[in-house]
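Read through the structure below, which is laid out as structure tokens, and then see the notes.
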Amino acid sequence: MNVLFLTMAGITTLDKRGIYQDLLNELVERGHNVYIVAPVERRLKQSTRVKKQGKATILNVKTMNLTKSSLIEKGVGQVMVESQYLKSIKKYLKGKRFDLVLYSTPPITFTKVVQYIKKRDNAYAYLLLKDIFPQNAVDMRFIKKGSLLHRYFKKKEKQLYKVSDTIGCMSEANKEFILKHNQEVHEDKVEINPNTINPVFIKYTVAEKKAIREKYNIPADKKVFVYGGNLGIPQGVDFLIQTISAIPTKQAHILVVGTGTQYNKLADWFKSNRSPQATLLSGLPKDEYDKLLATCDVGMIFLDKRFTIPNFPSRLLSYLEMKKPVLAATDVNTDIGKVIENAKCGYWVEAGNLTTMQQKINQLCSDDLTAMGQRGWDLLHKYYLVERSCQLIEKKINV
């Protein structure tokens, strides 16, 4: 079948790894023709372009800066991207007809594109719900509830759910939230289609592990707790700083690797405090980060305690594929902690509870991490492989 994939992720090649690249590569491997429409932000100073990569075609559409920019530019850019994508599809993918239009949130502004493809090609519309917007923005105080902007985006959210034939949610809590807060959405339309990957396990000798840690000045004789990913307001960076400030044992070392709007806040704290039990690194290329992650002992997840929506961070999968136990500090609405603890591959702490966080760090310094990591690997293979996502999608259109 011909698949049209719409995304705000800056995909320019399928040679890199990630939840979208892995899914698209799996669709290609299964014999489908994949057409990807992704942004190329104006800061890159590149024009709209199309390129072939095997059985995949990538259409990069010039947009405004949708990341690492002001809230105003992000907001305007998300509103404009719908018409920019539609115009580019008509021009650069002229004559192509699609059996499936696949798209993810964010954003929620693809409705007109999806409607156009559905009507023209009688295509099946499948939404991969990765973000519940605008409620997440309300939770983080980016948008005021009931404001003109909130009402506009809420209307767009409802339209997107309506035009979608299936809504694939990341977890059971996601599914329950959507059905509870969108009573017009029929239960038959919603299913669980989680973040999935094609895992690659990296194993090092003791000497190799020591060399990689030395490269980044990470102590070789400590249990290294690593947080890798975005460092923004949604990650609750204040509690991450509190955790680093009060590491309960000299056996533990916390490594933070990432970029984002709160990186400078962390950098300022590190500059002022010079903690010997913590290291901060700016974001690394994924292949380098994966190598470093493979030498660490425990993966950490942080989410702001104010969230009312059930986020399910994809970085969990990076930890599971490296057979790392997971320590998650989140709000009470996400079920990621329940998933981790039920699988006995880690622990959950309510964000802000420093005493429990310290207890779990101490516990992980004495636990059998190898056994916990193996249980995480088993969890990954049971629920979070790309084959599962593809099978769910193909089933809808009887491939």
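Start counting the sequence shown at 321; every next residue gets the next number (the numbering used here). We treat Cβ as the ideally placed atom computed from N, Cα and C, and that holds for glycine.
| Asked | Found |
| --- | --- |
| Which one or two residues does DSSP pair with valine 577 in a beta bridge? | Gly548 and Leu601 |
| Take lysine 336 and list the residues in its own chain whose beta-carbon comes closer than 7 Å to its own, dropping the five residues that flank it on each side. | Lys606 |
| Smallest Cα separation from leucine 391: which of Tyr524, Leu613 and Ile463? | Ile463 |
| For phenylalanine 521, does the count of other Cβ atoms within 10 angstroms reach 16, so buried, or fall short, so exposed? | exposed |
| Helix, strand or coil: which one does DSSP assign to glutamate 511? | strand |
| Strictly by DSSP, which residues pair up with methionine 321? | Answer is none; methionine 321 lacks a bridge partner. |
| To the nearest angstrom, how far is the alpha carbon of glutamine 366 from that of asparagine 385? | 12 Å |
| By DSSP's criteria, serine 424 is part of a beta bridge. Which residues make up the other side? | Leu448 |
| Scan the segment 609-660 and note each continuous beta strand (DSSP E) run of 3 residues or more that stays entirely inside, going in chain order. | 618-622 and 646-650 |
| Measure the alpha-carbon distance for lysine 475 versus arginine 533 and round it to whole angstroms. | 49 Å |
| Determine, using beta-carbon pairs with one atom in the segment 536-553 and one in the segment 562-574, whether at least three such pairs fall under 8 Å. | yes |
| Quick test of the definition: if touching needs 3 or more C-beta pairs under 8 Å, does the segment 354-374 touch the segment 436-450? | no |
| Measuring CA to CA, which of Ser389, Val348 and Thr425 is closest to glycine 552? | Ser389 |
| Would DSSP call isoleucine 717 helix, strand or coil? | coil |
| Under 8 Å between the Cβ atoms of threonine 720 and leucine 447? | Because the chain in this structure spans residues 321 to 719, residue 720 falls outside the shown range and cannot be described. |
| Can you find the residues in the same chain that come closer than 6 Å, C-beta to C-beta, to leucine 705, ignoring five residues on each side of it along the sequence? | Thr516 |
| Checking 8 Å against the spacing of the C-beta atoms, do leucine 647 and glycine 666 come in under that value? | yes |
| What is the DSSP secondary structure of glycine 369, reduced to helix, strand or coil? | Per the sequence shown, the amino acid found at residue 369 is arginine instead of glycine. Looking at arginine 369 - three-state DSSP - the assignment turns out to be strand. |
| Go ahead and label asparagine 662 buried or exposed: buried means 16 or more other beta carbons lie within 10 angstroms of its beta carbon, across all protein chains shown. | exposed |
| Can you list, in chain order, the residues of its chain with a C-beta nearer than 7 Å to that of lysine 643? Leave out the 5 residues immediately preceding and following it. | Phe521, Gly693, Gln694, Gly696 and Trp697 |
| Could you tell me the distance, in whole angstroms, from the CA atom of aspartate 720 to the CA atom of cysteine 616? | Here the chain covers residues 321 to 719 and nothing more, so residue 720 does not appear. |
| Looking only at its own chain, which residues have a Cβ that is under 7 Å from the Cβ of glycine 580, when we skip the five neighbours before and after it? | Asn550, Leu551 and Gly552 |
| Taking the alpha-carbon positions, what's the arginine 635 to valine 652 distance? | 18 Å |
| Let me know if tyrosine 524 comes out buried or exposed under the rule of 16 or more other beta-carbons within 10 Å of its beta-carbon. | exposed |
| Compare the C-alpha of threonine 387 against each of Asp419, Gly330 and Val433 and name the closest. | Gly330 |
| Who does glycine 669 pair with in a DSSP beta bridge? | In the sequence under discussion, the amino acid at residue 669 is valine, which differs from the glycine named in the question. DSSP lists Ala649 as partners of valine 669. |
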